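J.: Structure provided below as structure tokens; questions to follow.
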Amino acid sequence: MIARLKAFGAFWYDFVVGDDWRIAAGVVAMLAVTWGVSHTSVPSWWLLPAAIGTVLPISLWRAARASG
Amino acid sequence: MSGAGAALFAAVFLACAVEAVEATTIVLAAGTTRDWRSALTGVAAGLVVLAVVVAALGPALSTIPLGPLRLVVGGLLLVFGLQWLRKAILRASGYKALHDEAAIYLREVEAAKQADRRPRHGVRDWYAFTLSFKGTVLEGLEVAFIALTFGTNQHDVPLAAVAAVSAIVVVAAVGVAVRAPLARVPENTMKFVVGVMLTSFGMFWGAEGAGAHWPHSDAALLVLAPATLLFGLATTAVLRAQRNRSLGAPAAALGLATGPSLRHGDATARRTSEEVTR
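Each protein sequence line maps, in turn, to chains A and B.
Numbering follows the numbering used here, with no gaps: position 16 of the first sequence is 91.
Numbering follows the numbering used here, with no gaps: position 54 of the second sequence is 1434.
Shown next, in the form of structure tokens:
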């Protein structure tokens, strides 16, 4: 039973989060920052593209380095 | 069809086609080496499960207010899109083995030949049934989510459904016609494009859901998608150049697997090949 629950959890983790949890964590963090900034007078639309322009290359660089 | 409608259709059709190609490979392996009736029963059972998921999730999604829906769905699409894009860039730059349907087909065929042939629950070949069932459900789940969320966000679920069904019909028809893995489908390129589209829509809806206002509203997507594509291509070029440098530029340019560093590269490709099926 425990093994099945673990497999179920692993499936959903893999389905939603995927290979690099940092990407999912970065997206969640930046959505929260966007939400916070959008309640001020500062434009917040650029935050998500800027975060992706940073998080994706870092994730790729780590994967490239790991594969030698 | 409006520009947004065309983008919705293209994104759902491509995502669905990619997953349908992968599911077709699995079903073909089960059908040709084991038992077609059991394999097709597995597909039918898988489609019923997916229909139940869609029927349960669809109305639930439509009851959520647009703001929170776009925040959650945008965030999820963004995570999915970035994972697709990440894999596509790693494959295109040579850091990850390309998705090879022919190799996957042979592997599935080999495994199918070795499994016992047993009837169960009225199904003639339980292995063929479960292989096809799992292939259909697992490959279809992500597509069902993409089609539903795109359709709900764009207020056009029927168009998303038509795109999804069209892709399945086209891929299944080709699969039945050739009775072989669809190795000629430019799957890696399609995954790159789908990754770009999911990332672009995810950014757009996620930011809107979080309260941001895009300059020029929906027209911002016309800049966001090409910019994401260019960013993906540029990142691929940088990584490919980096890999060529690390392998030794002259040999890599000629495609000669002679140097010790290239042999190391091949070992890397073999090591990552197990991830290819994911």
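Note that the Cβ used here is the ideal one computed from N, Cα and C, for glycine as well.
Just so we're clear, the structure is a prediction, and the values are computed from it rather than from any experiment.
DSSP on Arg1497/B, reduced to helix/strand/coil?
T.: Residue mapping note: residue 1497/B aligns to position 117 of the second sequence, counting from 1. Here Arg1497/B carries a coil assignment [DSSP, helix/strand/coil].
J.: Do Tyr1475/B and Leu1613/B have their CB atoms nearer than 8 Å?
T.: Residue mapping note: residue 1475/B aligns to position 95 of the second sequence, counting from 1. Residue mapping note: residue 1613/B aligns to position 233 of the second sequence, counting from 1. It is not a contact, given that the beta carbons lie outside the stated cut-off.
J.: Using a Cβ-Cβ cutoff of 7 Å, what residues of the stretch 1580-1594 of chain B are near chain A? List them in chain order.
T.: From the stretch 1580-1594 of chain B, only Met1583, Gly1586, Ala1587, Ala1590, Gly1591, Ala1592, His1593, Trp1594 have a Cβ closer than 7 Å to chain A.
J.: Spatial neighbours of Ala1403/B within its chain, please: C-beta separation below 6 Å, excluding the five flanking residues on both sides.
T.: For the purposes of this step, residue 1403/B is identified with residue 23 of the second sequence, where counting begins at 1. Cβ contact annotation for Ala1403/B (same chain, cutoff 6 Å, sequence separation greater than five): Gly1515, Thr1516, Glu1519, in chain order.
J.: Can you confirm whether Thr1615/B, when its beta carbon is compared against all beta carbons of chain A, has any partner nearer than 8 Å?
T.: Residue 1615/B sits at position 235 when you count from the first residue of the second sequence. True, the Cβ-Cβ gap to chain A drops below 8 Å.
J.: Here's the rule: buried if 16 or more other CB atoms are within 10 angstroms of the residue's CB, otherwise exposed. What is Thr129/A?
T.: Within the first sequence, the letter at position 54 stands for residue 129/A. Exposed: under 16 other Cβ atoms inside 10 Å.
J.: Going by DSSP, name the residue or residues bridged to Val1503/B.
T.: On the second sequence, position 123 is the one that residue 1503/B refers to. Bridge partners of Val1503/B: Arg1500/B.
J.: Does DSSP put Val1574/B in a helix, in a strand, or in coil?
T.: Within the second sequence, residue 1574/B is the residue found at index 194, counting from 1. DSSP, read as helix, strand or coil, puts Val1574/B in helix.
J.: Let me make sure I understand the geometry here. Which of Ile1444/B, Ser1512/B, Val1459/B has the alpha-carbon closest to that of Val1429/B?
T.: In the second sequence, residue 1429/B corresponds to position 49, counting from 1. Residue Ser1512/B is the option with its Cα nearest to Val1429/B.
J.: Enumerated in chain order, which unbroken segments of the alpha helix (DSSP H) with a length of 4 residues or greater are wholly contained in the stretch 1525-1605 of chain B?
T.: If we require 4 residues or more, the alpha helix (DSSP H) runs fully inside the stretch 1525-1605 of chain B come out as 1537-1558, 1567-1589.
J.: Between Ile127/A and chain B, is the shortest Cβ-Cβ distance under 8 Å, so that the two count as touching?
T.: Along the first sequence, one-based indexing puts residue 127/A at 52. Closer than 8 Å: yes.
J.: With 9 Å as the C-beta to C-beta threshold (strictly closer), list the residues of the stretch 1476-1507 of chain B near chain A in chain order.
T.: Lys1476
J.: With DSSP collapsed to three states, give me the class of Val117/A.
T.: Locating residue 117/A in the first sequence gives position 42, where the first residue counts as 1. Looking at Val117/A - three-state DSSP - the assignment turns out to be coil, as it is neither helix nor strand.
J.: Does Leu1528/B have its Cβ less than 8 Å from a Cβ in chain A?
T.: By 1-based counting over the second sequence, the position of residue 1528/B is 148. Cβ-Cβ to chain A under 8 Å: no for Leu1528/B.
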